[in-house]
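One line per chain: the protein sequences are G and V, in this order. Counting from 1, one number per residue, gives the positions in the first sequence under the working numbering. Counting from 1, one number per residue, gives the positions in the second sequence under the working numbering. We treat Cβ as the ideally placed atom computed from N, Cα and C, and that holds for glycine. The block underneath contains the structure these notes are about, expressed in structure tokens.
There are 2 protein chains.
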Amino acid sequence: MTESSVGIIERKYFTFAEPPNEMPLESGEKLGPITLAYETYGALNDRRDNAILITHALSGDSHAAGYYSEKDRKPGWWDFMIGPGRAIDTNKYFVICSNTIAGCQGSTGPSSINPATGKHYNLSFPVITIGDMVRAQTHLIDHLGIEKLLSVIGGSMGGMQTLEWMIEYPDRIASAIPHATTTRLDAQGIAFQEVGRQAIYADPNWHAGNYLEYGVAPEQGLAVARMLAHITYLSEEAMHNKFGRKLQQKERYGYDFSLDFEVESYLRYQGSSFVQRFDANSYLYISKAIDYFDLKQDYGSLEAAFAKVNAKTLVFSFTSDWLFPTEQNKAIVRALKVHRKPVSFVEFDLPYGHDSFLIKNEAQEKVVASFLAHVYE
Amino acid sequence: MTESSVGIIERKYFTFAEPPNEMPLESGEKLGPITLAYETYGALNDRRDNAILITHALSGDSHAAGYYSEKDRKPGWWDFMIGPGRAIDTNKYFVICSNTIAGCQGSTGPSSINPATGKHYNLSFPVITIGDMVRAQTHLIDHLGIEKLLSVIGGSMGGMQTLEWMIEYPDRIASAIPHATTTRLDAQGIAFQEVGRQAIYADPNWHAGNYLEYGVAPEQGLAVARMLAHITYLSEEAMHNKFGRKLQQKERYGYDFSLDFEVESYLRYQGSSFVQRFDANSYLYISKAIDYFDLKQDYGSLEAAFAKVNAKTLVFSFTSDWLFPTEQNKAIVRALKVHRKPVSFVEFDLPYGHDSFLIKNEAQEKVVASFLAHVYE
Numbered sequence: 001m002t003e004s005s006v007g008i009i010e011r012k013y014f015t016f017a018e019p020p021n022e023m024p025l026e027s028g029e030k031l032g033p034i035t036l037a038y039e040t041y042g043a044l045n046d047r048r049d050n051a052i053l054i055t056h057a058l059s060g061d062s063h064a065a066g067y068y069s070e071k072d073r074k075p076g077w078w079d080f081m082i083g084p085g086r087a088i089d090t091n092k093y094f095v096i097c098s099n100t101i102a103g104c105q106g107s108t109g110p111s112s113i114n115p116a117t118g119k120h121y122n123l124s125f126p127v128i129t130i131g132d133m134v135r136a137q138t139h140l141i142d143h144l145g146i147e148k149l150l151s152v153i154g155g156s157m158g159g160m161q162t163l164e165w166m167i168e169y170p171d172r173i174a175s176a177i178p179h180a181t182t183t184r185l186d187a188q189g190i191a192f193q194e195v196g197r198q199a200i201y202a203d204p205n206w207h208a209g210n211y212l213e214y215g216v217a218p219e220q221g222l223a224v225a226r227m228l229a230h231i232t233y234l235s236e237e238a239m240h241n242k243f244g245r246k247l248q249q250k251e252r253y254g255y256d257f258s259l260d261f262e263v264e265s266y267l268r269y270q271g272s273s274f275v276q277r278f279d280a281n282s283y284l285y286i287s288k289a290i291d292y293f294d295l296k297q298d299y300g301s302l303e304a305a306f307a308k309v310n311a312k313t314l315v316f317s318f319t320s321d322w323l324f325p326t327e328q329n330k331a332i333v334r335a336l337k338v339h340r341k342p343v344s345f346v347e348f349d350l351p352y353g354h355d356s357f358l359i360k361n362e363a364q365e366k367v368v369a370s371f372l373a374h375v376y377e
Numbered sequence: 001m002t003e004s005s006v007g008i009i010e011r012k013y014f015t016f017a018e019p020p021n022e023m024p025l026e027s028g029e030k031l032g033p034i035t036l037a038y039e040t041y042g043a044l045n046d047r048r049d050n051a052i053l054i055t056h057a058l059s060g061d062s063h064a065a066g067y068y069s070e071k072d073r074k075p076g077w078w079d080f081m082i083g084p085g086r087a088i089d090t091n092k093y094f095v096i097c098s099n100t101i102a103g104c105q106g107s108t109g110p111s112s113i114n115p116a117t118g119k120h121y122n123l124s125f126p127v128i129t130i131g132d133m134v135r136a137q138t139h140l141i142d143h144l145g146i147e148k149l150l151s152v153i154g155g156s157m158g159g160m161q162t163l164e165w166m167i168e169y170p171d172r173i174a175s176a177i178p179h180a181t182t183t184r185l186d187a188q189g190i191a192f193q194e195v196g197r198q199a200i201y202a203d204p205n206w207h208a209g210n211y212l213e214y215g216v217a218p219e220q221g222l223a224v225a226r227m228l229a230h231i232t233y234l235s236e237e238a239m240h241n242k243f244g245r246k247l248q249q250k251e252r253y254g255y256d257f258s259l260d261f262e263v264e265s266y267l268r269y270q271g272s273s274f275v276q277r278f279d280a281n282s283y284l285y286i287s288k289a290i291d292y293f294d295l296k297q298d299y300g301s302l303e304a305a306f307a308k309v310n311a312k313t314l315v316f317s318f319t320s321d322w323l324f325p326t327e328q329n330k331a332i333v334r335a336l337k338v339h340r341k342p343v344s345f346v347e348f349d350l351p352y353g354h355d356s357f358l359i360k361n362e363a364q365e366k367v368v369a370s371f372l373a374h375v376y377e
């Protein structure tokens, strides 16, 4: 732990939408009770105007910063951004991050017990949307006594949630930082996600979603899904620089199917470590929510979608992100500019691909810090 | 069938490398007997100088042109290029296409019976290389009484074979047309292939490669591998134009995991139709051969690799090919130019991605026809 870490933190839980007051979903179904796992860093000020919500990506969770115990090897997923004196400065701001509904890190999802039946939801869990995720977050923000967030900040699927906040709750946020994101997936993005889902369906341990009843998990299918997704999170250049054609602890090809290249070893590790922490059904539900996100479809046009936004907005993207490239981030900026909304845009020239926002870099830290300072003043 | 089709053709077989004269492989192992399935279109002339060898891509086979029967719905995979009056004009040229070793369409591969044991090879089949594929082809060319080929033509993995012909058998080919290809995969390419292999390994019906003994096939794993590969063969633009976010015969999202988008339906079809015609172990072996192909590693540098080439060469690539982009094709051209070898290069501005070479287009036909006419004169 460094001096600027938020230190040891604790996961908290908030439960709402108790029957008969279930939360309505975009599908037309209802869900309740809903528990959100969340964490907070820093303190809410007396004016209650220094709260920042962090929205996480597909494989993320509420653990954005700090450590659960002294023994933890790794801090939360955006630790370098959040802490005393860091870009999202917990000396100034009260930072909240919650695991999305359908997640598997403490929030209500397909692996939760349905209180109505006493059994795991599994595939009886309703299909949820990015809008549903955000609606659930508004209940948490209410619960925390916050009327208006200083900012909502999220990358990738977190960016989709941030956009949803901007559009659906314009009076509840003062600013927003969507980044490395898109207003909707195109065919290629849906295709990659569908192949990942097919890999899970193909695993006989999936048992049509009922694997928890069998005491197993579709680990191999989920690992394949993760390996594939991971390739799309990296840039070709980053993979070239990190691995190229380097062999894994051998001088020549093995002429067998064990392991030849370092990149193969890396991918297998990514797959096998992911299945230790992630639930396959959650993966299916969250990937579906991403596929369904489509601001143009929902509002008729991107311009119409952003018409009522009040938040000051900072959008950033990365030159090497081929999953949600700069052009797709700029589409947000253009739609806001049509309405003369205050929006800043930065493209960072970094080689790490889509995942660049998750990798410590000073330029990103400075831009976020100064934007937040500006809106907080 | 159109007038310029080669019409009804027949698959032929040639067997060589009978023990004890097995063919040595790059791995150090030996393989024999080896059968190559092949087809020919047109007639060899008296001077035996009009023969063209077509080398196929990962999922290809010997059936490059024509029909096996009147009932066939589809002709061979490059039919639009090969026939009387077509770009590769069977009125002038004698065209040969053979299924590679390790293939599953008649050539000796992992699903073949090993005569030494009376059992399927399965994973006891030796891991082969692009060089081994080409060495096997030289035996077929010898058998057909051809000392020097007028041309070797191949795209993608076929292009790798074409490059191998140029480099290893410089006196046996007068010209070459490698296209949509590369001198070696980089980390991202290997990564995509490894995920495909992992999908096959993960299928319990794979049985560590011994599925034929169980009367099953790892169809779901192979389908996932194919779906993934297929995305890399198309361009983002082509997928956008063809599918975008169009729903599959529905007005609104299904809010379930059946099928929402057309692109999902298309991918599932690609997967399920592929497993009808392709063997999973063949897929593993051929993908490994592609990973191992590395001219820079084998010869010390690309310049050194191409030093002894005698063939007149035409290289072509496609603007929308992100698997083997123009830059990788140009590397071949540059290496040849260092030695002042005769080489032409064309980049076709087509939106179909890597698979563009498999889609009828007049510009490609004209360029190939005129290059061949030039070298034949």
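Where residue 98 of chain G is concerned, the enclosing beta strand (DSSP E) starts and stops at 94-98.
For residue 198 of chain V, a Cβ of chain G is located within less than 7 Å of the residue's own Cβ.
Ranked by how close their Cα comes to the Cα of residue 184 of chain V, the residues V/226, V/305, V/138 have V/305 in first place. In this structure, V/101 is the residue among V/101, V/42, V/243 with its C-alpha nearest to the C-alpha of residue 286 of chain V.
By the C-beta density criterion, residue 41 of chain V is buried, having at least 16 other C-beta atoms within 10 angstroms. Sorting G/182, G/350, G/327, G/94 by C-alpha distance to the C-alpha of residue 57 of chain G places G/182 at the top. Annotation: the continuous beta strand (DSSP E) that includes residue 40 of chain V extends over 34-41.
Residue 204 of chain G and residue 218 of chain G have their C-alpha atoms spaced approximately 7 Å apart. Using a CB distance cut-off of 7 Å, residue 355 of chain G does not count as an interface residue toward chain V.
Here the alpha carbons of residue 87 of chain G and residue 65 of chain G stand approximately 12 Å from one another.
Taking the beta carbon of residue 221 of chain V as reference, the chain G residues within 8 Å of it are 202, listed in sequence order. For a cut-off of 8 Å, the C-beta gap from residue 348 of chain V to residue 318 of chain V is around 5 Å, short enough to register as a contact. For residue 243 of chain V, the nearest beta carbon of chain G is closer than 7 Å to its own beta carbon. Judged by DSSP secondary structure, residue 179 of chain G falls within the beta strand (DSSP E) whose first and last residues are 175-179. For residue 18 of chain V, same chain residues with a beta-carbon under 8 Å away, outside a window of 5 residues either side, are 32, 33 in chain order. The region 273-313 of chain V is shown to contain whole alpha helix (DSSP H) runs of 4 or more residues at 280-292, 295-299, 302-305, in chain order. Annotation for residue 246 of chain G: 262 place their beta carbon closer than 6 Å to its own, counting only its chain and skipping 5 residues before and after.
From the beta-carbon of residue 240 of chain G, the residues of chain V found nearer than 9 Å are 186, 187, 188. Residue range 51-55 is occupied by the beta strand (DSSP E) that includes residue 51 of chain V, with no alpha helix (DSSP H) assigned at that position. Along the region 138-162 of chain V, there is no position whose C-beta sits under 7 Å from a C-beta of chain G. Contact with chain G is found for residue 292 of chain V, since one of that chain's Cβ atoms lies less than 7 Å from the residue's Cβ.
In this structure, V/313 is the residue among V/313, V/350, V/336, V/268 with its C-alpha nearest to the C-alpha of residue 368 of chain V. Between the region 64-81 of chain V and the region 106-115 of chain V there are fewer than three C-beta pairs closer than 8 Å, too few to call the two in contact.
Taking 7 Å as the threshold, the shortest C-beta distance from residue 127 of chain G to chain V falls below it. Annotation: the continuous alpha helix (DSSP H) that includes residue 138 of chain V extends over 130-143. Within 10 angstroms of the beta-carbon of residue 283 of chain G lie 16 or more other beta-carbons, which makes it buried. Straight across, the Cα-Cα distance linking residue 275 of chain G with residue 234 of chain V is about 30 Å. Residues of chain V whose Cβ lies closer than 7 Å to the Cβ of residue 191 of chain G are, in chain order, 231, 239, 263, 267. For residue 212 of chain V, not one C-beta of chain G is nearer than 7 Å to its own C-beta. For residue 295 of chain V, not one C-beta of chain G is nearer than 7 Å to its own C-beta. DSSP places residue 190 of chain G in the uninterrupted alpha helix (DSSP H) bounded by 187-202. Rounded to the nearest angstrom, the gap between the Cα atoms of residue 241 of chain V and residue 186 of chain G is 10 Å. From the listed residues V/14, V/20, V/52, V/51, the smallest Cα separation to residue 35 of chain V is found for V/14. When V/6, V/231, V/125 are compared, the shortest CA-CA separation from residue 27 of chain V is found for V/125. Contact with chain V is absent for residue 327 of chain G, since none of that chain's Cβ atoms lies less than 7 Å from the residue's Cβ. Looking at the DSSP output, residue 148 of chain V bridges to nothing.
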